[in-house]
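Peer 1: All the letters of the sequence shown, read from the start, carry residue numbers 941 to 1183 under this note's numbering.
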Amino acid sequence: MTTDPTVRGVARWRHVHDALVADLATLPVGARLPGEVALAERFAVNRHTVRRALQALAAAGRIRIEHGRGSFVRPDPIRYRLGERVSFTANLADQGRAARRRIEAIETEVAAPEIAGALGLAHGAPVVRAVSLAFADDVPLARSVHHFPAERLPGIAQALVGASGITAAFRALRQAVVHRASTRITSRAADDDEVLALHLAPEAPVLVTEGIDVDACGVVLQRVVTTFAGSRVELVVDHMSEG
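(1) Mind checking VAL990: buried by the 16 CB within 10 Å criterion, or exposed?
(2) With distance defined between alpha-carbon atoms, name the residue in ALA1070, PRO1017 and GLY1008 nearest to ALA1090.
(3) Starting from HIS1087, follow the beta strand (DSSP E) in both directions and report where the run begins and ends.
(4) Any idea what DSSP makes of HIS1119, helix, strand or coil?
(5) Between VAL1164 and the rest of its own chain, which residues show a CB-CB distance below 6 Å, the 5 nearest in sequence each way excluded?
(6) Exposed or buried, what is GLU1134 when buried is set at 16 or more other beta-carbons lying within 10 Å of its beta-carbon?
(7) Where does ASP1153 land, buried or exposed, given buried means 16+ other C-beta within 10 angstroms?
(8) Identify, in the order they occur along the chain, each residue of the same chain with its Cβ nearer than 7 Å to the Cβ of ARG1042, setting aside the five sequence neighbours on each side.
(9) Tell me where the beta strand (DSSP E) around ALA1141 begins and ends.
(10) Does DSSP put PRO1066 in a helix, a strand or coil?
(11) For TYR1020 and GLY970, I'd like the C-alpha separation in whole angstroms.
(12) So PRO1048 and ALA1099 are supposed to be a Cβ contact under 8 Å. How far apart are they, rounded?
(13) Do ILE1055 and ARG1172 have their C-beta atoms within less than 8 Å of each other?
(14) According to the neighbour-count rule (16 or more other Cβ atoms, all chains shown, within 10 Å of its Cβ), is THR942 buried or exposed?
(15) If I'm right that LEU1147 touches SER1127 with Cβ under 8 Å, what's the distance once you round it to whole angstroms?
(16) Using three-state DSSP, classify VAL1165 as helix, strand or coil.
(17) Go through its chain and collect everything with a Cβ distance to ALA1121's Cβ below 6 Å, but skip five positions before and after it.
(18) For ALA993, name the three-state secondary structure that DSSP assigns.
(19) Contact check, ALA1082 vs THR1167 under 8 Å by CB: the rounded distance?
(20) Decide if ILE1005 is buried, meaning its Cβ has at least 16 other Cβ atoms within 10 Å, or exposed.
(21) Report, in whole angstroms, the separation of the C-beta atoms of ARG1221 and TRP953, which I expect to be a contact under 8 Å.
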């Protein structure tokens, strides 16, 4: 790596940015860049200048900045298909990526009005709430909050324990046919929980999907709100799988 001084007439952060772009061409996906202190020493600039250059690279999708861990060479974003049948494992397998889902929490609670309405339940009906974290090649990609109708799916809490994923839990309950009835997509800045879970920079952009899953008869089985790390995924709406 070069230690050339700032080029006259070029903003200091831009010179750092351009030099790092050249470095990225030689580094493998997932490689960790030197820290801000090391880069500041290399380019004889302050850490604010380095941070601005890194933020520009992150905004361009060249690196990902993980809060408290550093900056890493970013792979191409995952093309995540949203259609009538949505499978995290299948989405990643189609792209040669290793998928893993970890259930973080499971609890039974009283359905809030919004949840009851989405699941077609009476206000106050019991629901099972689960939180899961999905990984692509061991990099956190998405955090999901699931709500299931407890009386409609007896045993769902137990099925989720140790399950490899939500689809596996449904199959354990002999719910082999599950369709996505609707998906709503929004975007916003990550909250504190998402920054921590997905290793994001504070207020990094995230994509949020709200999905309703039904059985073969159209009975609602799940409402799931998934937050994707915005720089790591492209959402593709698959119309060919519908109708």
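For every residue, glycine included, the Cβ atom is placed at its ideal position computed from N, Cα and C.
Peer 2: Let me lay it out:
(1) buried
(2) ALA1070
(3) 1079-1089
(4) strand
(5) SER1084, HIS1086 and GLY1151
(6) buried
(7) buried
(8) SER1072 and LEU1073
(9) Run containing ALA1141: none; DSSP gives neither H nor E here.
(10) strand
(11) 20 Å
(12) Looking at the sequence shown, residue 1048 is not Pro but Thr. The Cβ separation is near 13 Å, so there is no contact.
(13) no
(14) Reliability fails at THR942, whose pLDDT of 47 lies under 50, so the model's placement of it is uncertain and the value that follows must be treated cautiously. THR942 is exposed by the Cβ-count criterion.
(15) 6 Å
(16) strand
(17) ILE1152 and VAL1154
(18) helix
(19) 6 Å
(20) buried
(21) Because residue 1221 is not part of the residues shown, which for the chain are 941 to 1183, the question remains open.
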